[in-house]
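Peer 1: In the working numbering, the protein residues as written are 591 to 745.
All residues carry an ideal CB built from backbone N, CA and C; glycine is no exception.
Below you will find the structure I want to go over with you.
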Amino acid sequence: MDNEILQQLKDIHLPPAITFWPLAPGWYIVFLLSLALIIGLSFWIGVKYKQKKVAQKIFAKWETIKNQILEKPEDIELAAIFIRQLILLKKSRKNIALLYGENWTDYLKKTYPKAQMTPLVETFLSQGIYQSSFARESSEKFLDELNSWIKKVLQ
Numbered sequence: 591m592d593n594e595i596l597q598q599l600k601d602i603h604l605p606p607a608i609t610f611w612p613l614a615p616g617w618y619i620v621f622l623l624s625l626a627l628i629i630g631l632s633f634w635i636g637v638k639y640k641q642k643k644v645a646q647k648i649f650a651k652w653e654t655i656k657n658q659i660l661e662k663p664e665d666i667e668l669a670a671i672f673i674r675q676l677i678l679l680k681k682s683r684k685n686i687a688l689l690y691g692e693n694w695t696d697y698l699k700k701t702y703p704k705a706q707m708t709p710l711v712e713t714f715l716s717q718g719i720y721q722s723s724f725a726r727e728s729s730e731k732f733l734d735e736l737n738s739w740i741k742k743v744l745q
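Set out below in structure tokens:
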């Protein structure tokens, strides 16, 4: 009797082998996310590279202006012009075009809190450009302080 039952059983058939293609939908999602990540990272690296190049050019121009001021302290207003041009590159013109005096320094302190402005730099940017005696009194110390402030702004 057991033999009869065993003879009625059919052979076990294995399912077809799993193929490599087509991929499961989850893999398409993984590939798309990876592609988006690579594109985003490439874009971010490109932007950072361009920002670094621009910062290097700006700092080279600042070094030229700084040397010019050291040779001829009467040209100290070039520092204020340079600061305004630097901020115009980074921010919208309509926000800063009409700022001057204490409003200008307040805007700079609010916009760049990490680049702490020393009292000498603040005084120069708010009032010093209108005073001829400022250049003769403290131009070298001022330029050193302004130099460190510009480095912090460019970071």
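1) By the DSSP assignment, the alpha helix (DSSP H) with GLN641 in it spans what residues?
2) So for ALA670, helix, strand or coil by DSSP?
3) Looking only at C-alpha atoms, which of GLN641, ARG674 and TRP739 sits nearest to GLN710?
4) Does the stretch 665-678 come within contact of the stretch 645-657, defined as at least 3 CB pairs closer than 8 Å?
5) Counting C-beta neighbours from all protein chains within 10 Å, is the total for ALA669 16 or more, i.e. buried, or is it exposed?
6) Are the CB atoms of LYS656 and ASN737 nearer to each other than 9 Å?
7) Can you name, in chain order, every residue of its own chain whose Cβ lies under 8 Å from the Cβ of LEU733, other than the five neighbours on each side?
8) Per DSSP, what kind of secondary structure is TYR697 in: helix, strand or coil?
9) Among GLN706, LEU613, PHE714 and GLN597, which one has its Cα closest to the Cα of TYR690?
10) Check for me: the alpha helix (DSSP H) holding ASP592 runs from which residue to which?
11) Can you tell me whether DSSP reads LYS731 as helix, strand or coil?
Peer 2: Looking at the atomic coordinates:
1) Residue mapping note: residue 641 aligns to position 51 of the sequence shown, counting from 1. 615-661 is the span of the alpha helix (DSSP H), which, as asked, contains GLN641.
2) Locating residue 670 in the sequence shown gives position 80, counting from the first residue. Here ALA670 sits in helix by DSSP.
3) Counted from its first residue, the sequence shown places residue 710 at position 120. Reading the sequence as shown, one finds Leu at residue 710 and not Gln. The shortest C-alpha separation from LEU710 is found at TRP739.
4) Yes: the two stretches touch, three or more of their Cβ pairs being nearer than 8 Å.
5) If you number the sequence shown from 1, residue 669 lands on position 79. Buried.
6) Here residue 656 corresponds to residue number 66 of the sequence shown, with the count starting at 1. Here residue 737 corresponds to residue number 147 of the sequence shown, with the count starting at 1. In this structure, LYS656 places its C-beta atom within 9 Å of the C-beta atom of ASN737.
7) If you number the sequence shown from 1, residue 733 lands on position 143. If you ignore the 5 residues before and after LEU733, its C-beta comes within less than 8 Å of the C-beta of LYS656, ILE659, LEU660 and ALA669, all in its own chain and listed in chain order.
8) As a working note, residue 697 is residue 107 in the sequence shown. Taken through DSSP and simplified to helix, strand or coil, TYR697 comes out as helix.
9) Your numbering for residue 690 matches position 100 in the sequence shown. Of the candidates GLN706, LEU613, PHE714 and GLN597, PHE714 places its Cα closest to the Cα of TYR690.
10) As a working mapping, residue 592 is identified with position 2 in the sequence shown. In the DSSP assignment, ASP592 falls within the unbroken alpha helix (DSSP H) covering 592-598.
11) By 1-based counting over the sequence shown, the position of residue 731 is 141. For LYS731, the three-state secondary structure derived from DSSP is helix.
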